[in-house]
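Undergrad: One structure coming up, written as structure tokens, with questions to follow.
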Amino acid sequence: MNPPSRFYPTRKAHQAALVVEHVAPADADVYHDRLYAAIWVEQMNIEDPEVLSELAVDLSVPPELIERVVTHDELWPAVVSSMERAHAWGATGTPSWVIDNKLMVPGLQDDEFFDRVINKLSTKLY
1444 MNPPSRFYPT RKAHQAALVV EHVAPADADV YHDRLYAAIW VEQMNIEDPE
1494 VLSELAVDLS VPPELIERVV THDELWPAVV SSMERAHAWG ATGTPSWVID
1544 NKLMVPGLQD DEFFDRVINK LSTKLY
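For the numbering used here, count along the sequence shown from 1 and bump the result up by 1443.
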């Protein structure tokens, strides 16, 4: 993993991921892994429609569909809606975790933290 020398916006990458999740849900994890590697390993421009479509070239989603959707921001309203729901929950950054629809945990946390939270939630009576 290499910290990128430049961070690109993720507007188009989020839309590309939604296309894959909808058209080829079985390929979603692979595509997400490729997006991650594109950012943190290969330092690619994840706002480039060609880059985003190339990441799906061997998946069960037509790469030209990804390129069209992200070029025209066709799913941007869906991404905004998702962000608004996350903000309503109190998410202010990524990652943010919602546990048992009761608790919002912002930021990266270690395993011991989550063990304590889950332990505490499991001992409460509902």
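For glycine and all other residues, C-beta sits at the position ideal for the given N, C-alpha and C.
Go to V1513, then tell me how far its alpha helix (DSSP H) extends in each direction, as first and last residue.
TA: Stepping through the sequence shown from its first residue, residue 1513 is reached at position 70. Segment P1506 to T1514, the alpha helix (DSSP H) holding V1513.
Undergrad: Quickly, what does DSSP pair I1542 with across the bridge? List them, please.
TA: Indexing the sequence shown from 1 puts residue 1542 at position 99. According to DSSP, I1542 bridges with L1546.
Undergrad: Taking only three categories from DSSP, how would you classify A1481?
TA: The residue labelled residue 1481 in the question sits at position 38 within the sequence shown. Here A1481 sits in helix by DSSP.
Undergrad: With DSSP as the reference, label M1487 as helix, strand or coil.
TA: Taking the sequence shown and counting its residues from 1, one reaches residue 1487 at position 44. Coil at M1487, not helix or strand.
Undergrad: By the 10 Å Cβ neighbour count, where 16 or more other Cβ atoms means buried, how is V1500 classified, buried or exposed?
TA: Walking along the sequence shown from the start, residue 1500 turns up at place 57. Flag for V1500 reads exposed.
Undergrad: Identify which residue in R1528, S1503, M1487 and R1511 has its Cα closest to the Cα of T1453.
TA: Position 10 of the sequence shown holds residue 1453. The candidate whose alpha carbon is nearest that of T1453 is M1487.
Undergrad: Specify, as a first and last residue, the run of the alpha helix (DSSP H) that V1462 falls within.
TA: Looking up residue 1462 in the sequence shown gives position 19. R1454 to V1466 is the span of the alpha helix (DSSP H), which, as asked, contains V1462.
Undergrad: For the putative contact between I1489 and A1456, defined by C-beta atoms under 8 Å, what is the C-beta separation to the nearest angstrom?
TA: Within the sequence shown, numbered from 1, the residue matching residue 1489 stands at position 46. Within the sequence shown, numbered from 1, the residue matching residue 1456 stands at position 13. So it is a contact: roughly 4 Å between Cβ atoms.
Undergrad: DSSP on L1502, reduced to helix/strand/coil?
TA: Start at 1 with the first residue of the sequence shown, and residue 1502 comes out as number 59. Reduced to three states, the DSSP call for L1502 is coil.
Undergrad: Looking at the secondary structure, which residues open and close the alpha helix (DSSP H) in which E1410 lies?
TA: For residue 1410 there is no data in the structure shown, the boundaries of the chain being 1444 and 1569.
Undergrad: For Q1552, I'd like the list of residues in its chain whose CB is within less than 8 Å of its CB, leaving aside the five on either flank, ordered along the chain.
TA: Numbered from 1 along the sequence shown, position 109 holds the residue referred to as residue 1552. Same-chain partners within the cutoff: W1540.
Undergrad: How should A1460 be labelled, buried or exposed, when 16 other C-beta atoms within 10 angstroms of its C-beta is the threshold for buried?
TA: Residue mapping note: residue 1460 aligns to position 17 of the sequence shown, counting from 1. Label assigned to A1460: buried.
Undergrad: Start and end of the alpha helix (DSSP H) containing E1555?
TA: Within the sequence shown, numbered from 1, the residue matching residue 1555 stands at position 112. Counting along the chain, the alpha helix (DSSP H) containing E1555 begins and ends at D1554 to T1566.
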